[in-house]
Every structure is written in structure tokens, then in C-alpha cells.
Amino acid sequence: MKNRIKELREQKGLTQEQLGKLIGTSRQAINAIETEKFEPSIWIAYDIAQAFGCAIEEVFLFEESTKKSRAEISRRDHNGNS
């Protein structure tokens, strides 16, 4: 999922490790989320947004998510439009 974690983290002067400690997860988890290799749970996404003082949708760019696109295609296909 596209996100602004790196941009926001750098604005706050935080390393991945520092952000991880703030929200109770590892630097590796922050890196995987930041580089779009892993999609966080809603709880981790919420905690990341809170750490930046932002709404979740300001950090995570849902309209650019490929998973959303796949979900929309699946819904279309299941609704008899295939």
C-alpha cells in the first residue's frame, strides 16, 4: 500500500528504529511497511498515524492501493459483470 511514512518520519527527524519503538514494533516491520512489502494491521496503521499526529488516510494512500483495485475487480466479477 502506498504511504508517506518515510516523508513524515524524516520531517519528524525519526529513524525507522525510533518510530518502531514509539509504536511498539521493530525497525524491520517499519521498513517493510514503508517500502510497501507489508501492509500493516489497522492497529499498527492507527499507531503510525498517531505518532505523526495525522489521520490514517494522510499516511496511507488507499486510492493508490493495488489491493483495493483487485478487490474492486473481484466485486465486479462476483456481481455477474464478467
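The sequence shown begins at 1 in full-length UniProt numbering and counts up one residue at a time. Built from N, CA and C at the ideal position, the CB exists for glycine as well.
**Prompt:** Is residue 38 helix, strand or coil when you go by DSSP?
**Reply:** In this structure, residue 38 counts as coil in the three-state DSSP scheme.
**Message:** If I follow the unbroken alpha helix (DSSP H) through residue 22, where does it start and stop?
**Reply:** Taken as a continuous stretch (DSSP letters only), the alpha helix (DSSP H) holding residue 22 covers 16 to 23.
**Request:** Locate the alpha helix (DSSP H) running through residue 4, then write down its first and last residues.
**Result:** From DSSP, residue 4 is part of no alpha helix (DSSP H); its letter is neither H nor E.
**Request:** Starting from residue 83, follow its DSSP beta bridges and name the residues at the other end.
**Result:** This structure cannot settle anything about residue 83, because the visible part of the chain is limited to 1 through 82.
**Prompt:** If residue 20 and residue 5 are in contact, beta carbons under 8 Å, what's the gap, nearest whole angstrom?
**Reply:** Contact between residue 20 and residue 5 does not hold, since the beta-carbon distance rounds to 11 Å and is not under 8 Å.
**Request:** Starting from the C-beta of residue 55, find all residues in its chain whose C-beta is less than 7 Å away, skip the five residues before and the five after it, and write them out in chain order.
**Result:** Only residues of its own chain outside the window of five on either side were considered, and among them 49 have a CB closer than 7 Å to the CB of residue 55, listed in chain order.
**Asked** Considering only residues of the same chain and omitting the five flanking positions on each side of residue 34, which have a CB-CB separation below 8 Å?
**Response** Once the five neighbours on either side are set aside, the close Cβ partners of residue 34 are 3, 5, 6, 9 and 16.
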